[in-house]
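Mapping to this note's numbering: the sequence shown position 158 is 1283, numbers consecutive. Everything below concerns the one structure shown next.
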Amino acid sequence: MTSSRHQAARWFTRLLDLPGDHPERQAFTRWLAADPQNAREYQAFSELWGNFSSTPQTQALAGAMENLSRRRFVRNGAMGGLLLAVAAGWLVSMRSRQGEQMLMTGIGEQRHITLEDGSDVFLDADTRLHVLFSESTRQVFLLRGRAIFSVQHAPSRPFVVDAGAAQVRVLGTRFVVERLEPQVRVSVAEGRVEFSSAGQRMVLERDQVGELDAGGKLHPLQRSAISAFSFAKGNLQFERASLGEIAITLSRYRETPVKALQPATQSITAVVQLADVESFLALLPELADIRIEQSGGATLLLPR
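In structure tokens, the structure reads:
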């Protein structure tokens, strides 16, 4: 895997968490402009994941590609064909390159995968993973959702899960990584993991939970780690969950997403069977001081 491709994957994962005015987007723009290959790799990655929409990062990409076009391809008019060829070639290489996989699940779909090193991954609904293995490293980019990882012990090949603003590094263990935008949560069932973000670091052991909060701070959570694995057994366990966490989790199992207008409010504890998501949603106003409305293609959780 080329350096540009790896950097493109890191930028893609990181930018999912950042607001449009975040200073790091300027660094992203500079990275795009530094090398034509950077822009090509990022465009191919964005198109592959269906993220090529009007967002700050893709607007920056468009500007970089426009400059590249003026500098190198105006005379022969080959830019459009080149981009198609690069994107198509990148997709083919992603499918054929050993140790490199794109994994995803749809709304309400779960999936179990055994990776080439023997590690198991159980993807929850509406989850996206990009797997990049080499002889010396095992890297997984969690782009969306959550997954259970049961990692084979291999001291010479560290296993790293990149969840945008946070990274989890292990040798062999069983744990869950979940993106609850903008938070990242890690729950450990067995072994030890290193959870890090922006110079912060914490080590999590058996039955411990850590979270990168909305303010960018790492801290432990006083809750059982085992409940984070419950989705693999057909239920969702909420422990002192905010409306935001509940909305994100339920949305993985509904074609119509759930949105909380005051996501940090409430503290709800409940166990929900996957078959009863709609019934639980209907009962939420009895558990919390909210009302439910349908608007703009979404189910809204509003303060009463």
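We put the beta carbon where it would ideally sit given N, CA and C, even for glycine. As the structure is a prediction and not an experimental result, all values here were calculated from the model.
Quick one: grab the DSSP three-state call for residue i.
i	result
I1415	strand
I1373	helix
T1239	strand
I1393	strand
L1157	helix
D1287	strand
H1131	helix
I1232	coil
P1410	helix
V1402	helix
L1427	strand
R1326	strand
A1250	coil
S1355	helix
E1166	helix
Excluding the 5 residues flanking residue i on each side, which residues of the same chain have their C-beta closer than 6 Å to its C-beta?
i	result
M1229	R1253
Q1090	The requested residue 1090 does not occur in the structure, where the chain is confined to residues 1126 to 1429.
D1287	T1138, F1266
Using DSSP's beta-bridge definition, name the partner residues of residue i.
i	result
E1225	L1257
S1275	D1245, R1299
P1345	G1335
Could you give the residue range of the beta strand (DSSP E) that holds residue i?
i	result
G1335	1333–1337
E1364	1360–1366
E1315	1308–1315
Taking 7 Å as the limit between beta carbons, can you name the residues of its chain near residue i, skipping five residues before and five after?
i	result
L1427	L1386, I1415, R1416, E1418
S1352	Q1362, E1364
Give a yes or no on whether the minimum CB-CB distance between residue i and chain B is below 8 Å.
i	result
V1328	Absent from the structure is chain B; it holds one protein chain and no more.
- Task: Inspect the CB distances between the stretch 1229–1248 and the stretch 1368–1380 and report whether three or more fall short of 8 Å.
- Result: A contact exists between the stretch 1229–1248 and the stretch 1368–1380.
- Would the stretch 1272–1285 and the stretch 1327–1346 be scored as touching if the rule is three or more Cβ pairs under 8 Å? Taking 8 Å as the limit for Cβ pairs, the verdict is that the stretch 1327–1346 does not touch the stretch 1272–1285.
- Taking contact to mean at least 3 C-beta pairs separated by less than 8 Å, is the stretch 1381–1400 in contact with the stretch 1236–1247? No, the stretch 1381–1400 is not in contact with the stretch 1236–1247.
- Message: I'd like to know if the stretch 1295–1304 and the stretch 1263–1279 are in contact, where contact means that at least 3 CB-CB pairs between them fall below 8 Å.
- Response: Yes, the stretch 1295–1304 touches the stretch 1263–1279.
- Task: Please determine if the stretch 1359–1377 and the stretch 1400–1416 are in contact, where contact requires at least 3 C-beta pairs separated by less than 8 Å.
- Result: Yes, the stretch 1359–1377 is in contact with the stretch 1400–1416.
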